[in-house]
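In the working numbering, the protein residues as written are 1 to 245. Where a beta carbon is used, it is the ideal one built from N, C-alpha and C, also for glycine.
Below you can see the structure in the form of structure tokens.
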């Protein structure tokens with residue numbers, strides 16, 4: 001459903017995702033007011049950014065916190081889908097609240113993935129006390145994805161860990177892990193948009209739930225919906241709030 005307000009959007013990061021977001025945003029009759037993809041862009045396009053209703057940020061783990069902070073300085077709401085910087089998220093959340101700004105962050109903007117998160121949490125709760133079932137996660141992405149495991153896999157793992165007393169943290173399945181660690185296996189393969197499998201194995205059987213993304217536009221569409229949803233809002237939000245889960 002098209003919203004009545006046509007937004008002036010800033011794109012921070014102009015890789016494959018940024019270009020896909022641009023295409024879908026224009027189809028929804030929004031305007032791309034600023035594109036920032038380098039340090040020089042921050043200097044030359046600062047005024048255009050300041051005039052935007054929202055910034056959509058898909059860059060790198062090293063760049064994301066500073067990008068978000070700069071948007072806060074200009075009082076521009078930020079929708080970010082960059083993963084791999086969770087250690088710095090609490091500080092950015094605190095900064096957002098101190099400055100009374102708006103931040104929408106998600107490890108994955110796909111509507112289907114966020115429903116998958118809820119299925120994962122439900123399954124983890126159901127199997128929490130069943131010691132015979134051992135959980136593991138397998139994720140596959142394209143070779144251009146910089147972080148491993150994916151932010152989506154980490155979200156899945158953290159929800160499983162929160163539901164179980166026998167798992168304390170997650171680790172790389174390629175290494176020898178103690179029993180209290182949840183293994184995540186990561187693959188980087190050409191032309192794979194994104195696949196996540198959560199499996200529970202026992203001596204007698206296995207249980208699996210799986211999500212496969214067929215097209216990058218599903219992530220881009222979710223980011224645009226988030227940008228529309230945060231318009232004129234203040235605070236820190238995730239897909240749970242937008243989807244009313």
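Classification of residue i by the beta-carbon crowding that lies within 10 angstroms, buried from 16 upward
{"i": "residue 212", "result": "exposed"}
{"i": "residue 118", "result": "exposed"}
{"i": "residue 245", "result": "exposed"}
{"i": "residue 90", "result": "exposed"}
{"i": "residue 164", "result": "buried"}
Short Cβ contact (8 Å threshold) for residue i with residue j
{"i": "residue 246", "j": "residue 106", "result": "With the chain running from 1 to 245 in the structure shown, residue 246 is simply not present."}
{"i": "residue 77", "j": "residue 102", "result": "yes"}
{"i": "residue 95", "j": "residue 74", "result": "no"}
{"i": "residue 190", "j": "residue 142", "result": "yes"}
{"i": "residue 58", "j": "residue 81", "result": "yes"}
{"i": "residue 45", "j": "residue 55", "result": "no"}
{"i": "residue 236", "j": "residue 93", "result": "yes"}
Coil, strand or helix - residue i by DSSP
{"i": "residue 130", "result": "coil"}
{"i": "residue 2", "result": "Any reading at residue 2 must be qualified, since the residue scores a pLDDT of 46, below 50, and its modelled position is unreliable; the value itself is stated next. Note: residue 2 maps to coil in three-state DSSP."}
{"i": "residue 59", "result": "coil"}
{"i": "residue 102", "result": "strand"}
{"i": "residue 179", "result": "coil"}
{"i": "residue 166", "result": "coil"}
{"i": "residue 217", "result": "helix"}
{"i": "residue 38", "result": "coil"}
{"i": "residue 53", "result": "coil"}
{"i": "residue 109", "result": "coil"}
{"i": "residue 122", "result": "helix"}
Residue i to residue j span [Cα, whole Å]
{"i": "residue 24", "j": "residue 7", "result": "13 Å"}
{"i": "residue 147", "j": "residue 61", "result": "8 Å"}
{"i": "residue 110", "j": "residue 83", "result": "14 Å"}
{"i": "residue 214", "j": "residue 155", "result": "20 Å"}
{"i": "residue 47", "j": "residue 178", "result": "52 Å"}
{"i": "residue 233", "j": "residue 100", "result": "10 Å"}
{"i": "residue 20", "j": "residue 32", "result": "12 Å"}
Cβ neighbours of residue i in the same chain (closer than 8 Å, five flanking residues each side left out)
{"i": "residue 182", "result": "135, 136, 137, 157, 160, 161, 167, 169, 170, 171"}
{"i": "residue 123", "result": "198, 200, 207, 209"}
{"i": "residue 242", "result": "104, 225, 226, 229"}
Close-in-space but distant-in-sequence residues of the same chain around residue i (CB under 6 Å, 5 per side omitted)
{"i": "residue 15", "result": "none"}
Own chain, CB closer than 7 Å to residue i, minus 5 neighbours either side, in chain order
{"i": "residue 127", "result": "133, 200"}
{"i": "residue 18", "result": "11, 58"}
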